[in-house]
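Chains as they are written, first to last, in this note's numbering: chain A, 1 to 277; chain B, 1001 to 1277.
Protein chains: 2
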Amino acid sequence: VSPKPDADSVRTLGILAGSGTLPRAVAQACAARGIGVFVIDLGGAVGDWARDFPHERVAMGQVGRVLALLTREGCDAVTMAGGLVRPSLTGIRFDRQGLALLPRIARLFRSGDDGLLSGVADMFEEKGFPVIGPEAFLPADLARAGDMVGQGAARDDIALGRSILDALSPFDIGQAVVVADGVCIAVEAAEGTAAMLARVEDLRAGRDGGGVLVKMPKRGQDTRVDRPAIGPDTVRAAAAAGLVGIAVEAGGVIVLEPGRTERCAAEAGIFVHGFAR
Amino acid sequence: VSPKPDADSVRTLGILAGSGTLPRAVAQACAARGIGVFVIDLGGAVGDWARDFPHERVAMGQVGRVLALLTREGCDAVTMAGGLVRPSLTGIRFDRQGLALLPRIARLFRSGDDGLLSGVADMFEEKGFPVIGPEAFLPADLARAGDMVGQGAARDDIALGRSILDALSPFDIGQAVVVADGVCIAVEAAEGTAAMLARVEDLRAGRDGGGVLVKMPKRGQDTRVDRPAIGPDTVRAAAAAGLVGIAVEAGGVIVLEPGRTERCAAEAGIFVHGFAR
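What follows is the structure, encoded as structure tokens:
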């Protein structure tokens, strides 16, 4: 494997895109920076925005087709962004190159979502396509330690949330929980942070506010894939759910559009705090 | 505290009722057995069915009023059934007797949902109202060990679900997870099993089936309150979510309407398995 290019040296980026706002943000940021983009819509998870970019829809398991498309479009790096619902292994129709990798993919399927994504990233790199985390292309920073917005509060709830995420870390589940008044009211798994916060909003409808979103990477997280992030949307959803703040691991969680995120939090009156691991 | 009566010796049961189908099932089962019922609707969480029974709506914190109502109605035992969204301590308007108990309630608020419910049960018992688990009034059995319906399957997914619930046990979170193909896709917290299964149905829409609901009590669970249960509704929701089965701790999880639950599972083609702790 040759040394990995940094984002600035990429000419055309292949975006392996799932659902949510992240893949679109990556595509738009690349366009603004003069980096070419080719969007691979995995199983139709991507919204209409892909029409604004060169794109192709592929079914899960079409490994040979994806590699051929990346080569045809001259992609010199790949990023994996957005949410995917893991299909069942028996439900995937593999093409010939996919079938050749089937024993390896079957093993990866038993290793949790992180293991699967890391293994897929390894395969792309072996085929000559370096995999770069989507945040490298975005206006984004890693969370800072200390109070980013507002005053530190809810220390006990943050500590409880960290303990729970630590306990869950070996199981490759979610990366976020909501804790309010000493009680964990929501644990994120495959549904993602946005869906979890929507549920908290419903659960707490008509009640007083309170509660903190706590988010941090799993131990041993592969930074090429699925690194936890917050952004303006997270802040708005947390405020709508009646939370008083967001606590993230400093250096471990990405803050998308940091200026806008911090302004949103200040306007909504919720704190954003970075804790050291 | 005098010895606790069993369900058959109760003349009038006070039902401290939250949301969901359980409080109504308790009220109807009592009526069928000739046990009087008085429904206390906590904060308006109870549906219209309460009109069929003597009932009163109280706000959280109206401790004196609840005790006076139980006395006025001649209740000789109390059961706590249904879901409540925990209010914030500062959002509760306490009556005089509630205020007298405030330091104790404030401590309970820091001890998790189970701690809170157990402490509330203790207070009722000290005031002379024994607290009996709702299942004592229902046609219900504890889950048996082994295959209750169908053939044991998905052993690895069940084992993973049990490990996750064990890891979460110290934190007083939910009592159920969904695991599919080696990956935990949902963790129950305050939303309850029905909402968790509805989310799994959405997440897996259009995908192949697979996955198991795993449910067990927390370690040290107070059996007077919030003991985990499954019933026909659980079976239907699990089938709708595309799951292949339900695994519960034998002797630890209640099976409501066991005959109907097992028939529903057999018809839906999903297994029900009891594992030993």
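Here a beta-carbon is modelled for each residue, glycine too, at the ideal position from N, C-alpha and C. Quick caveat, the model's predicted, so the values are computed rather than measured.
B:Ala1025 beta carbon less than 7 angstroms from that of B:Leu1138 = yes
Beta carbon of A:Ile40 nearer than 7 angstroms to that of A:Leu16 = yes
Where in the stretch 100-153 of chain A do unbroken runs of the beta strand (DSSP E), each at least 3 residues long, occur, reported from the N-terminal end onward?
-> 140-142, 146-149
Exposure of A:Asp233, with buried meaning 16 or more beta-carbon neighbours within 10 Å = buried
For A:Glu188, is the classification buried or exposed, using 16 other Cβ atoms within 10 angstroms of its Cβ as the cut-off for buried?
-> buried
For B:Val1010, the nearest candidate out of B:Gly1020, B:Ser1019, B:Ala1029 (CA to CA) = B:Ala1029
Count the other CB atoms within 10 Å of the CB of A:Ser2; is the residue buried (16 or more) or exposed (fewer)?
-> Only weak support is given to the placement of A:Ser2: the predicted model assigns it a pLDDT of 49, under 50, and the question is left unresolved by the model.
Taking 8 angstroms as the threshold, find out whether the stretch 254-265 of chain A comes into contact with the stretch 1042-1055 of chain B through three or more Cβ pairs.
-> no
Taking Cβ-Cβ distances shorter than 7 angstroms, what residues in chain A pair up with B:Cys1184?
-> Phe171, Ile173, Ala189
Nearest residue (CA-CA) to A:Val120, options A:Ala276, A:Val63, A:Asp172, A:Glu135 | A:Val63
Are the beta-carbon atoms of A:Glu56 and A:Leu67 separated by less than 7 angstroms?
-> no
Using DSSP bridges, identify the partner residues of A:Arg57.
-> A:Asp41
Chain A beta carbons: is any one of them nearer than 7 angstroms to that of B:Ser1002?
-> Because the pLDDT of B:Ser1002 is 49, which lies under 50, any placement of that residue in the model is unreliable, and the question is left without a value.
Reducing DSSP to helix, strand and coil, say where A:Ile173 ends up.
-> coil
Hey, B:Val1212 and B:Gly1245: beta-carbon distance below 7 angstroms or not?
-> yes
Closest by CA to A:Asp76, which one among A:Leu84, A:Glu125, A:Arg65?
-> A:Glu125
Compute the Euclidean distance between the alpha carbons of B:Asp1006 and B:Gly1014, then round it to the nearest angstrom.
-> 14 angstroms
Ordered list of alpha helix (DSSP H) runs contained in the stretch 208-250 of chain A, each at least 4 residues = 232-240
Between the CA atoms of A:Ile158 and A:Val214 - distance to the nearest angstrom | 6 angstroms
Between the beta-carbon of A:Gly18 and the beta-carbon of A:Gly98, is there less than 7 angstroms?
-> no
Rounded straight-line distance, which links the Cα of B:Asp1122 to that of B:Gly1128 | 10 angstroms
B:Cys1075 (DSSP reduced to helix, strand or coil) | coil
Amino acids of chain A, ordered along the chain, whose beta-carbon sits closer than 8 angstroms to that of B:Ile1164 | Leu168, Phe171, Ile173
Among residues of its own chain, excluding the 5 on either side of B:Ala1266, which ones have a beta-carbon nearer than 7 angstroms to its beta-carbon?
-> Val1149
CB-CB under 6 angstroms to A:Gly74, same chain, minus the five flanking residues each way: which ones, in chain order?
-> Thr12
Measure the C-alpha to C-alpha separation of B:Ala1167 and B:Thr1071 and round it to an integer number of angstroms.
-> 42 angstroms
What residues of chain B sit near A:Arg199, judged by a beta carbon separation below 8 angstroms?
-> Glu1191, Ala1195, Arg1199
Rounded to whole angstroms, what's the CA-CA distance from A:Cys184 to B:Leu1022? Just pull it up for me.
-> 23 angstroms
Report the neighbours of A:Asp141 on chain B: residues whose CB is nearer than 9 angstroms to its CB, in chain order.
-> Going along chain B, no residue has its Cβ under 9 angstroms from A:Asp141, so there is no contact; the nearest lies around 30 angstroms.
Taking the Cβ atom as the reference point for each residue, do A:Val225 and A:Met80 lie within a distance shorter than 7 angstroms?
-> yes
With A:Ala17 as the anchor, note down where its beta strand (DSSP E) starts and where it stops.
-> 12-17
A:Val200 lies in the alpha helix (DSSP H); which residues open and close that run?
-> 192-203
B:Leu1165 vs B:Met1196 beta-carbon contact at 7 angstroms = no
Pick out whichever of A:Ile132, A:Ser169, A:Glu249 has its Cα sitting closest to the Cα of A:Ala143.
-> A:Glu249
Whether B:Ala1190 touches A:Leu203 by CB criterion (7 angstroms) = yes
Proximity of A:Pro258 and A:Asp147 at Cβ, strictly below 7 angstroms | no
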